[in-house]
Amino acid sequence: MTLNSWTAVFRIQKKLNRSLTVSFLLFLLLAVFGLFMAIPLVYAVNNAFKPLDELFIFPPRVMVNNPTLDNFFDLFALMGNSWVPLSRYIANTLVITLVGTFGHILLASAAAYPLAKHKFPGSQIIFSTVVLSLMFSGTVTAIPNYMMMSWLGWINTHLSIIVPSLAFPLGLFLMKQFMEQIPDALVEAAKIDGASEYRIYWQIVMPNVKPAWLTLMILQFPMLWGSDGGNFIYSENLKTLHYALGQISAGGIARAGVGAAVALILMVVPITLFIISQSSVIQTMATSGMKE
Amino acid sequence: MPETSQTVIVPVPDLIKQPVKVSRLAQTFQEIKKNKHYYILMSPYMIIFTLFTIIPVVFSICLSFFYFNMLEFPRFVGWDNYSRLFLNDDVFMIALRNTFMFAVITGPISYLACFLFAWIINELSPKIRAIMTLIFYAPSIAGNVYFIWLIVFSGDRYGYLNGFLIKFGFILEPIQWLTNENYILTIVIIVQLWLSLGTSFLAFIAGLQTIDRTLIEAGAVDGIRNRWQELWFITLPSMRPQLLFGAVLQITASFAVADVSIALAGFPSVNYAAHTIVTHLMDYGTIRFEMGYASAIATVLFLIMVGANKLTQKLLRKVGE
Chain A
1 MTLNSWTAVF
11 RIQKKLNRSL
21 TVSFLLFLLL
31 AVFGLFMAIP
41 LVYAVNNAFK
51 PLDELFIFPP
61 RVMVNNPTLD
71 NFFDLFALMG
81 NSWVPLSRYI
91 ANTLVITLVG
101 TFGHILLASA
111 AAYPLAKHKF
121 PGSQIIFSTV
131 VLSLMFSGTV
141 TAIPNYMMMS
151 WLGWINTHLS
161 IIVPSLAFPL
171 GLFLMKQFME
181 QIPDALVEAA
191 KIDGASEYRI
201 YWQIVMPNVK
211 PAWLTLMILQ
221 FPMLWGSDGG
231 NFIYSENLKT
241 LHYALGQISA
251 GGIARAGVGA
261 AVALILMVVP
271 ITLFIISQSS
281 VIQTMATSGM
291 KE
Chain B
293 MPETSQTVIV
303 PVPDLIKQPV
313 KVSRLAQTFQ
323 EIKKNKHYYI
333 LMSPYMIIFT
343 LFTIIPVVFS
353 ICLSFFYFNM
363 LEFPRFVGWD
373 NYSRLFLNDD
383 VFMIALRNTF
393 MFAVITGPIS
403 YLACFLFAWI
413 INELSPKIRA
423 IMTLIFYAPS
433 IAGNVYFIWL
443 IVFSGDRYGY
453 LNGFLIKFGF
463 ILEPIQWLTN
473 ENYILTIVII
483 VQLWLSLGTS
493 FLAFIAGLQT
503 IDRTLIEAGA
513 VDGIRNRWQE
523 LWFITLPSMR
533 PQLLFGAVLQ
543 ITASFAVADV
553 SIALAGFPSV
563 NYAAHTIVTH
573 LMDYGTIRFE
583 MGYASAIATV
593 LFLIMVGANK
603 LTQKLLRKVG
613 E
């Protein structure tokens with residue numbers, strides 16, 4: 001293909017300040033790194049459908065030749081024989097993920113509305129504390145958190161995973177930044193009409209920040225979906241899907257096929273959610289900037 | 293106290309009119325009462341945030357001055373934990389060096405990669421843009437799929453890299469990528485970079501889409517001739533808020549490397565070649581139960597992370613000036 005037909009494929013027009021040669025080189029760079037990003041994922045997907053002989057072929061291949069669902073059947077057979085049924089692990093993960101995600105959206109938006117639209121004693125310092133907490137990771141607080149959980153008696157319950165995730169600071173930050181662009185007039189008008197603050201939050205502000213809901217979901221969901229219970233959960237019947245699947249892949253060579261099926265199940269759900277919510281997420285991120 | 297200094301919203305002329313002196317405290321109290329609905333709305337989030345973020349940070353700092361093993365009552369030891377950390381703990385020095393290696397390499401590279409790819413993607417038509425965004429963002433939300441890299445770097449000839457190198461005659465025998473000190477750090481860095489196009493990447497894509505087209509046209513009139521000038525004089529300054537936001541996320545993530553290191557190199561890794569501050573913290577916190585010492589490690593990590601963030605924020609404000 002010539003350069004011209006390539007530009008036709010990607011519908012690149014001669015734009016302001018753009019030379020075609022540099023554009024071509026940059027897109028080439030993008031394509032090369034795109035492959036670097038995509039190949040491991042493509043490989044993970046293909047592996048799940050490979051029959052045994054293809055999994056161990058030498059030299060190794062990325063793509064599958066004779067796709068089969070055997071790995072998935074093996075997975076269910078394996079989990080059917082285990083002491084805790086697979087459905088239990090799935091239920092645990094669903095409870096943690098759904099309660100954690102929806103709870104987070106609800107709590108973070110309730111806290112974001114006053115911060116975004118009103119000034120009151122303490123509002124500034126609260127927001128700067130949240131911004132500061134973006135600057136360190138959860139590992140810093142791991143030890144006192146464990147003591148807190150044990151003091152609350154939440155060790156070995158799902159609460160120990162769900163509750164801390166409800167107050168994830170990034171969610172409040174993004175929600176607050178997004179709410180700031182709701183016109184003040186809208187809030188004022190509702191107030192003049194006699195709506196209480198709770199009603200303004202629920203009926204005026206919340207419907208207007210739907211893109212931000214989806215963004216918080218896409219940040220929170222993969223985190224909880226991938227949670228293995230950490231140090232908090234030790235009863236087998238409370239453990240998550242991720243933990244169960246990790247145990248299977250720990251079987252090594254003998255479980256390579258099943259392990260690949262597991263990896264596919266774990267990655268498909270968050271990626272699908274992102275495909276659905278992509279445009280809303282980008283819309284929210286446009287307001288994510290930090291003020292100077 | 294910044295709290296009281298911000299709350300004096302009553303304008304000065306008002307004070308002159310009022311003969312009755314209202315104390316600052318009473319004023320603040322009035323304000324709080326007037327705004328009580330806001331506090332109620334914020335309370336569920338703030339209670340959880342306080343319990344699991346603010347108190348733990350303060351508690352961790354305090355605990356770092358004690359000897360505490362979860363069984364005996366904590367014993368005050370002053371700066372002992374810190375002096376032991378910096379003067380008597382060789383492994384911590386390795387961890388510190390590795391963490392900085394990770395941070396100095398993955399932090400800036402992942403940040404620049406986030407921006408560079410977002411910038412190129414922004415030139416594409418909307419449909420291809422959405423697909424490319426997905427391809428670059430997917431690894432960061434794909435869960436623990438990074439263990440795929442275990443197969444790539446596997447030490448036998450079935451490992452992809454070994455298979456490839458043997459097939460084309462670069463090497464004759466497979467290389468033990470993940471147990472050889474010389475390679476571990478590089479491999480963890482590569483995988484970490486693969487995973488690092490996350491939230492900041494999306495923020496940059498969004499930021500690039502909201503740049504005012506008229507600014508670019510005006511720039512062209514004023515003599516901007518190519519994309520690089522446009523990038524430096526228009527695009528970067530218009531995106532400064534997103535750039536600051538992205539920097540915070542990338543820096544914090546680059547100092548917190550642990551999961552990838554454990555998954556690929558094991559815990560502890562061969563000769564501590566991939567040991568980081570976080571894995572050192574886990575060693576003392578969850579295996580040796582020296583909570584005071586582990587808290588000192590956590591406090592050092594906290595100070596490094598916040599310090600690096602504040603410093604970067606200062607530097608980034610100069611972009612495009």
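Here the protein sequences come in this chain order: A and B.
Okay, so the first sequence: first residue is 1 according to my numbering, each after it adds one.
Okay, so the second sequence: first residue is 293 according to my numbering, each after it adds one.
For glycine and all other residues, C-beta sits at the position ideal for the given N, C-alpha and C.
Just so we're clear, the structure is a prediction, and the values are computed from it rather than from any experiment.
Worksheet item: Taking just the CA atoms, how far does V598 (chain B) sit from Y564 (chain B)?
Response: Rounded to the nearest angstrom, the two C-alpha atoms are 25 Å apart.
Worksheet item: Taking the continuous alpha helix (DSSP H) assigned at N373 (chain B), which residues delimit it?
Response: D372 to L379
Worksheet item: If you drop the 5 nearest sequence neighbours on each side, which residues of the same chain put their C-beta closer than 6 Å to that of W83 (chain A)?
Response: Around W83 (chain A): no qualifying Cβ.
Practice prompt. From the DSSP output, in three-state form, read off R367 (chain B) for me.
Written response: strand
Worksheet item: Do S137 (chain A) and F409 (chain B) have their C-beta atoms closer together than 9 Å?
Response: no
Practice prompt. Determine whether the Cβ of I12 (chain A) lies closer than 9 Å to any Cβ atom of chain B.
Written response: At I12 (chain A) the pLDDT is 49, less than 50, meaning the model places this residue with poor confidence; the figure from the coordinates comes in the next sentence. I12 (chain A) counts as touching chain B.
Practice prompt. Below 7 Å between beta carbons is the criterion; list the residues of the stretch 93-125 of chain A that meet it against any residue of chain B, in chain order.
Written response: L107, A108, A110, A111, Y113, P114, H118, F120, P121, G122, Q124 and I125
Item to complete: Report the partner residues of Y359 (chain B) according to the DSSP bridge assignment.
Response: B:R367
Worksheet item: For the stretch 151-174 of chain A, which residues have a CB atom closer than 8 Å to at least one CB atom of chain B, in sequence order?
Response: V163, P164, L166, A167, P169, L170 and L172
Worksheet entry | Alpha-carbon spacing of A510 (chain B) relative to N17 (chain A), whole angstroms | Cα-Cα distance, rounded: 12 Å.
Fill in: Positions along the stretch 317-328 of chain B whose CB lies within less than 7 Å of some CB in chain A
T320, E323, I324 and N327
Worksheet item: Which chain B residues sit within Cβ distance under 9 Å of P183 (chain A)?
Response: Result: empty, since nearest Cβ-Cβ is about 18 Å, beyond 9 Å.
Discussion item. I believe N454 (chain B) touches M135 (chain A) by the beta-carbon criterion, under 8 Å. Please report the beta-carbon distance rounded to the nearest angstrom.
Written reply: No, N454 (chain B) and M135 (chain A) are not in contact; Cβ-Cβ is about 40 Å, not under 8 Å.
Worksheet item: Is there at least one Cβ from chain B nearer than 9 Å to G289 (chain A)'s Cβ?
Response: yes
Worksheet entry | Inter-residue Cα distance where the pair is F439 (chain B) and E236 (chain A) | 24 Å
Discussion item. Under 8 Å: do the stretch 211-223 of chain A and the stretch 279-287 of chain A share three or more Cβ pairs, one atom per stretch?
Written reply: yes
Item to complete: Give every residue of the same chain whose Cβ lies closer than 6 Å to the Cβ of V350 (chain B), excluding the five residues on either side of it in the sequence, and list them in chain order.
Response: none
Worksheet item: Do V664 (chain B) and F378 (chain B) have their C-beta atoms within less than 9 Å of each other?
Response: The question about residue 664 (chain B) has no answer here: the residues shown for chain B are numbered 293 through 613.
Item to complete: Can you give me, in chain order, the residues of the stretch 390-421 of chain B that have a beta carbon less than 9 Å from any beta carbon in chain A?
Response: A405, L408, F409, W411, I412, I413, E415, L416, S417 and I420
Worksheet entry | Own chain residues within Cβ distance below 8 Å of L426 (chain B), not counting five before or after | Closer than 8 Å at the Cβ level, and outside the excluded window around L426 (chain B), lies no residue.
Practice prompt. Determine whether the Cβ of V369 (chain B) lies closer than 9 Å to any Cβ atom of chain A.
Written response: With a threshold of 9 Å between beta carbons, V369 (chain B) makes no contact with chain A.
Practice prompt. Please name the residue, chosen from A:G226, A:F120 and A:S280, that lies closest to Q615 (chain B) on a Cα-to-Cα basis.
Written response: Because chain B is modelled from 293 through 613, residue 615 (chain B) falls outside the range shown and cannot be assessed.
Worksheet item: Going along chain A, which residues have a C-beta under 8 Å from Y452 (chain B)?
Response: P60
Discussion item. Just to confirm my understanding: we take V281 (chain A), look at its own chain, exclude 5 residues before and 5 after, and list those with CB closer than 7 Å. What are they?
Written reply: Here the set comprises L214, T215 and I218.
Discussion item. Would T391 (chain B) and V562 (chain B) be called neighbours here (beta carbons separated by less than 9 Å)?
Written reply: no
Practice prompt. Confirm, please, whether the CB-CB distance from A588 (chain B) to T568 (chain B) is below 9 Å.
Written response: No, Cβ-Cβ distance for T568 (chain B) and A588 (chain B) is not below 9 Å.
Worksheet item: The alpha helix (DSSP H) spanning I423 (chain B) covers which residue range?
Response: Run containing I423 (chain B): P418 to I433, per the alpha helix (DSSP H) assignment.
Worksheet item: With burial defined as no fewer than 16 other Cβ atoms inside 10 Å of the residue's Cβ, what is the status of D53 (chain A): buried or exposed?
Response: exposed
Discussion item. Please report the distance separating the alpha-carbon of T398 (chain B) from that of W486 (chain B).
Written reply: 10 Å
Practice prompt. Show which residues of chain A have a CB atom less than 9 Å away from the CB atom of L593 (chain B).
Written response: F136, S137, T139 and V140
Discussion item. So, for I412 (chain B): in the same chain, excluding its five sequence neighbours on each side, which residues have a beta-carbon less than 8 Å away from its beta-carbon?
Written reply: none
Worksheet item: From P67 (chain A) to V258 (chain A), what distance separates their C-alpha atoms?
Response: 14 Å
Worksheet item: Does the count of Cβ pairs from the stretch 188-202 of chain A and the stretch 122-133 of chain A closer than 8 Å reach three?
Response: no
Worksheet entry | Span separating the alpha-carbon of I543 (chain B) from that of V592 (chain B) | 16 Å
Worksheet item: Which whole-angstrom value is the C-beta distance of V480 (chain B) and L556 (chain B), which I expect to be below 8 Å?
Response: 6 Å
Item to complete: Could you please tell me which residues of the stretch 468-480 of chain B, in chain order, have their CB closer than 8 Å to any CB of chain E?
Response: No chain E is part of this structure, whose protein chains are labelled A and B.
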